[in-house]
Structure formats: structure tokens, C-alpha cells
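**Student:**
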Amino acid sequence: MNSQQPLLEGRDVYKFFGGLAAVNGVDFAVYPGEIVGLIGPNGSGKTTLFDCLTRLQTIDKGQIFFKGQEITRVRPYQVARMGLARTFQVIRVYRKMTVLENMLISRQWRGEGLLNMLRPSHPDTERRARHLIQFLQLEHLTDELAGHLSGGQRRLLEIGMALMPDPDILLLDEATSGINPTLIEIIKDRIRTLNREQGKTFLLIEHNINFIADLCSRVYVLNFGEKLAEGTPEEIMENEAVIEAYFGA
Amino acid sequence: MSTLTQAARPSLLRRWGGLLLWLLLLALLAIYPYTGVTGSALFTATQVFVLVTLASNWNLIGGMTGYVDFGHAVFFGLGAYSMGILVTRVPLAFSPELSFWQALPLAGLVAALFALIIGLPTLRLKGPYFSIAMLGTFVAMREIIRILRPITGGGTGLDLPPVLNRVNEYYFMLGLMGLVVALIWWIRRSEFGYTLIAIREDEIGAEMRGINTTMHKIIAFMIAAFFTGIVGAFWAWQNTYIDPDVVFIEQRTVEMVMMSMLGGLGTVWGPPLGAVVIYFLQDVVWGNLLNFHLMALGILLILLVLFLPEGILGSLGDPSSTSLGRLLRRAGRRQE
């Protein structure tokens, strides 16, 4: 077990929708520098848990900690400013802005005076945006409207937007969904590079088991809102309860 | 395209061209009173400036931020009544009496303060809920003004000291319009402007990327309310008489919406263009369809939504996104 303080931690987290427990007493922890997978059948509560962690949803019971600080009642924009970034199952980019503008608007917001906000972006912000666009192999689309990009390109752009504020942890919700194998390899390679070279921490929701197995050191499995299993990808793939949850056998 | 950045902007002319043209137009308009025009022509021009300013203000919250305010005329009314009360009622209690210039910024501040108070709860509402809440606010404020007879004069209204200086009125509104449109131009190319558009496009996404959406919306709302209040105060001063039925009229908001939509929601130059077109269109409709002018304007609004949802300038930017644009493209293909 890791002796470090968790970067992101949930203690006994509950989220109800009416009588349905979408997240049912889940405990979990992600440590600095890890790539952790979060898998489970459809409707198992993965995205709801993501929403709770990023404060998009309020939790009904339990506690959430980020960098040792409780964020259970903190507003989403404050969580983002603390260094927690995410992408979404349904891609969220600003379709009427260019790729570059999308990146610039996702910059690090540390607190803004109105006079500062009335200026154009700082050159350093733009340099970082262009660097990330290149890193994600989107440079030929820099001035293209985001609405004109393919689904895969928008996924890459969304990851770039999440990277813009230089977060400590990235929560990627089905980053490979609906994407061709070549782009999946690019995303995998970029995640690995960011993890190794910059020590970025990742929490990934995925249905692509190979993707999880290739990248993650630990995996959590949710089923009906409860934590079904936890372990290395190899342990998870051999776990009887997980196999039954996925295949009903 | 990109104006958010320092280096990504393609050329100096493209960066500053719009503002330079605007300043040139203002300079030309500044000499208009010296071309031998009548007071009536100056009055007409002043009314157009009022509409341009109102439409540009509404566009900041309705077009750029995406919060369609169906009660924005409440700020106009508050500005007008603040002016009326400050110059007619306050001097009864305090002397010396307040001048137009002293009352003017106070009227804007009253409107902005009210925007802060009402914006905190209503800007949490999304889409039509916000629109209806603001419409309700507008109607409620009209009734409050009517009830507060000792202060507002109730249904009888307030008489302001007559001024009747068409040239001064013209220059005041020209300056205010110039300032407001230039401010909107500046905001549109600033980070603040882009955060407003990000809120319009995807508010949850903006919040998740570290933008304090509540604060940005409130600031935009207060700026729009401040200048709308100033216009209301000017209107009261120019009209020399106000009562709830001439100040708090729904049609004023409808006009702001229509002008912004016709020109192009969220664009800088669209609302001014829409205001000019609508003003002269209204003139034609009034002249030819006196009994049906409101119906004609309603039909125009429906046609706008159906065939030009992104307005004139919005369609020029991306013709394929509008019904009219698609029709034009299809016609072009047929000719090929």
C-alpha cells in the first residue's frame, strides 16, 4: 500500500437520485503520480462519482479530499483552480471558438481583477496553448472552429483544454469512446508521456479494457454504485465477481 | 478570427479596423449638427443613438452571455425614475438641487445595484426560467413604481424641468453610444468577453475549467444595467415627463431583443446595425400600417427566428449555420 498522502480521496461517498443509490458508500484514493482506472458496467455510477469528485454533483454523505484539503462543499470552479481537471463523457468544447481560443479560455484562473480580464491573453498563456496543441498533434487545426473538428480531434482538444491550467490530476471520462485506433494510440502515448515526464496523475473511466491494462497501475471496479473490486489490472481481469458483473456468467 | 490572443491576430487593420471605422463614423456624426439640419432631424438621430446604445447593452447579457433578458427595460425604467426623483423630489428635502449631470451617474448606479440584487438569484436560473423571472421583475417593478405614489408620483408620473436643447441631447447620446459600443468592442476581444461566450456556449464546462461563472455573469449584467439606466435617465430628461406606462413598456425590451437578433447576437456591430434597420423599418411600418404596426413587428420577429437566427452579421460569419444561408448556398449550387 502507498505510504504517501492521497492526492484525491473519497471517504464513504454516497449519492442518491430519489431512491436510487448511484454511488453507494464508495471509498477510494488516488496517489500522486499514479494512473488509476475506474471501470464498471453501464450505469454502475462511474460518471456520477466523477461528477461528485469534481463537485458538479453534491454528495449526500461522505467526504472528498484533494491534496489533503476537504472539498466536499467547495464550488466546481474552485476545485478546478486547486489543480483538478476533467474531461466529459459527452465532449464539452466551445464549438464556435477556434482550437486556439478553446485552449486559451481554459487557462489557469487564479483569481481575476476586472482590469486584468479586460486585456487579451498573456503571451505566456498563448505559448503554452500552442505548445499543447502541437503536443496533441492538432497544430494544423489551430485556427479551425472546434465545431468543425471530428469527434476524435475534439476529444484531443478537450484533453488539451484540461491540460492548459497545468493540473495536478486529470480525470478523463471515456477518453477513447468513439475514436479510431490511431487516435487512441496517440492519447495513450500522451498520457504515458505526461505521467512519466511531468508526474501527472490520471484517473480514467474506460470501457476499453486494453487501454486500462496498458496504462493503469491500479483499477477500481464499480457495480450498482458500490465498489466491487480493487487491484492491479491483472487481478481485476481474473476476479470472478468482476467477470460476473460484466458478462453475467 | 482570433482576437483573444496577442500574436494570433492576423493584421493590424483586422485587429483595430472595426474600432477605427467606428471612430471615423463618430467623427462624421459629430459634424452633422453643423450641416444645417433641422431640430427634428437631430431628434431622429438621437433616437437612433438611444436604440443603438440599448441594443448594445442588451447584447452584452443576452447575446454574449446567452442570458436572454425579457425584462431589461426595468433598468431603463429605474434609470428614468432615478433621474426624475433625484431632480424633482430630492431637492425638496435637500438643497441645492441636483443637476442632470449629478443625477445621471447616480441613475446608472441605481440600475447597476438593482442588477446586482436581482442578478444574484435570477442568474442562477437557466434559459427560459431566467427570461420569465426578469419579465416578472419588470412587471413587479412597474407596479411598485405605481404604488409608491409619494416618491414616484404613481400613475400621474413626474414632470422634469424642460430643457429642450436638441444639439446638447444629440451630442450627449452620440458620446454615450460611442463609449458603449467601444466598450463592447473592447470586452469582446478581451478575456472577459471570451469567458462570457464560454458561459453562453457551455456554462458547466466553463465552471469546470476554473471560471467563476457567477461573478462574470453578474459583472456583465451590472455593466449592461448601468448604461441602460443612464439611457433611461437621459430619456427622462429629454422627455421631461415620466409615468409607469411610458417608461415601463414591454416593447422597449422587445425592440432590444429584435435589434440584437437582426444584427447578430453576440457580435459587436450587429446590434447597432440592427437598431438602425429596425428604427427605419418601424418608421415605414408606422407610416403605412398604423393600426397593425405591432403585429407587423411580431411577424418580423418570427421571420427572423425562422430564417436568420444568427442575424445579419452572424450569417455573414458562417452562412451555412442559418436557414437563409443554406437557401442561398442551395441556390448557388443550382446555378452551378
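These protein sequence lines are chains A and B, in that order.
My numbering numbers the first residue of the first sequence as 1 and each following residue consecutively.
My numbering numbers the first residue of the second sequence as 250 and each following residue consecutively.
All residues carry an ideal CB built from backbone N, CA and C; glycine is no exception.
1) Select from B:V534, B:R449 and B:N308 the residue whose C-alpha is nearest the C-alpha of T516 of chain B.
2) So the candidates are B:I453, B:T386 and B:G424; which of them puts its Cα closest to the Cα of V416 of chain B?
3) Going by the CB atoms, is the gap between H542 of chain B and V554 of chain B shorter than 8 Å?
4) A294 of chain B: which of B:G519, B:M422 and B:D492 sits nearest, CA to CA?
5) With H, G and I counted as helix, E and B as strand and the rest as coil, what does DSSP make of L7 of chain A?
6) With 16 as the cutoff for other CB atoms within 10 Å, does W350 of chain B come out buried or exposed?
7) Verify the CB distance criterion: does M237 of chain A have a CB-CB separation below 8 Å to chain B?
8) Can you give me the C-alpha to C-alpha distance between F387 of chain B and D451 of chain B, rounded to a whole angstrom?
9) Whose Cβ in chain A lies nearer than 7 Å to the Cβ of N308 of chain B?
10) If you measure from the beta carbon of F17 of chain A to each beta carbon in chain B, is any gap under 8 Å?
11) If F497 of chain B sits next to M390 of chain B, beta carbons under 8 Å apart, how far is it from one beta carbon to the other, in whole angstroms?
12) Which runs of the beta strand (DSSP E) fall wholly inside the segment 145-187 of chain A and span at least 3 residues, in chain order?
13) Sorted by chain position, which residues of the same chain lie with C-beta nearer than 6 Å to M508 of chain B's C-beta, five sequence neighbours on each side aside?
14) Count the CB pairs spanning the segment 171-181 of chain A and the segment 206-225 of chain A that are closer than 8 Å, and state whether there are at least three.
15) From T314 of chain B to I448 of chain B, what distance separates their C-alpha atoms?
16) Under 8 Å: do the segment 89-96 of chain A and the segment 136-148 of chain A share three or more Cβ pairs, one atom per stretch?
17) Would you kindly work out how many angstroms separate the C-alpha atoms of R501 of chain B and D166 of chain A, rounded to a whole number?
18) Within the segment 325-395 of chain B, note down every full alpha helix (DSSP H) run reaching 4 residues or more, in order along the chain.
19) Over the uninterrupted alpha helix (DSSP H) stretch that includes N210 of chain A, give me the two end residues.
20) Can you list, in chain order, the residues of its chain with a C-beta nearer than 7 Å to that of G10 of chain A? Leave out the 5 residues immediately preceding and following it.
21) Determine the contact status of M161 of chain A and S121 of chain A, defining contact as a CB-CB distance below 8 Å.
22) Could you tell me if S251 of chain B is buried or exposed, where buried requires 16 or more neighbouring beta carbons within 10 angstroms of its beta carbon?
23) Can you tell which of B:R338, B:T489, B:T477 and B:L269 has its C-alpha closest to the C-alpha of A361 of chain B?
24) Measure the alpha-carbon distance for F324 of chain B versus V480 of chain B and round it to whole angstroms.
25) Determine the DSSP secondary structure at N461 of chain B, reduced to helix, strand or coil.
26) Go through its chain and collect everything with a Cβ distance to I184 of chain A's Cβ below 8 Å, but skip five positions before and after it.
27) P32 of chain A touches chain B at which residues, Cβ-Cβ below 8 Å?
28) Please go through the same chain and pick out, in chain order, the residues whose beta-carbon is closer than 6 Å to the beta-carbon of G288 of chain B, but skip the five residues on each side of it.
29) In terms of residues, what are the limits of the beta strand (DSSP E) holding L425 of chain B?
30) Suppose you measure from the CA of Q4 of chain A to the CA of N102 of chain A; what does that come to, to the nearest Å?
31) Tell me where the beta strand (DSSP E) around N24 of chain A begins and ends.
32) Which term fits T232 of chain A, buried or exposed, when burial requires 16 or more other beta carbons within 10 angstroms of its beta carbon?
33) Check each candidate in B:V297, B:G285 and B:N306 and name the one with the smallest Cα separation from I472 of chain B.
34) In or out: V90 of chain A buried (at least 16 other Cβ within 10 Å) or exposed?
35) With the cut-off set at 8 Å, would you say L355 of chain B and L327 of chain B are in Cβ contact?
36) Could you pull the start and end residues of the beta strand (DSSP E) that E230 of chain A belongs to?
**Tutor:** With the structure as the only source:
1) When only C-alpha atoms are compared, the closest one is B:N308.
2) B:G424
3) no
4) B:M422
5) coil
6) exposed
7) no
8) Cα atoms of F387 of chain B and D451 of chain B: separation of roughly 27 Å, rounded to the nearest angstrom.
9) Contact of N308 of chain B with chain A by beta-carbon distance below 7 Å is absent, the smallest such distance being about 16 Å.
10) no
11) 7 Å
12) 169-173
13) A304, P520, G523, A524 and I527
14) yes
15) 6 Å
16) Contact holds: three or more Cβ-Cβ distances are below 8 Å.
17) 47 Å
18) The qualifying runs are 339-342 and 349-371.
19) I209 to L215
20) V26, D27, F28, L53, G62 and I64
21) no
22) Any answer about S251 of chain B is weak, because its pLDDT of 45 lies below 50 and its placement is not dependable; what the coordinates show is given next. Classification of S251 of chain B: buried, given that the 10 Å Cβ count is 16 or more.
23) When each option's Cα is compared against that of A361 of chain B, the closest is B:T477.
24) 9 Å
25) coil
26) Excluding positions up to five away in sequence, the list reads T176, N208 and F211.
27) In chain order: nothing, as chain B lies at least about 21 Å away.
28) So the list reads R415, once near-sequence residues are dropped.
29) Per DSSP, L425 of chain B belongs to no beta strand (DSSP E); it is in the alpha helix (DSSP H), R415 to R438.
30) 35 Å
31) First-last of the beta strand (DSSP E) with N24 of chain A: L20 to V30.
32) Here T232 of chain A is exposed, its C-beta having fewer than 16 other C-beta atoms within 10 Å.
33) The residue with the shortest Cα to Cα distance from I472 of chain B is B:N306.
34) exposed
35) no
36) E226 to G231
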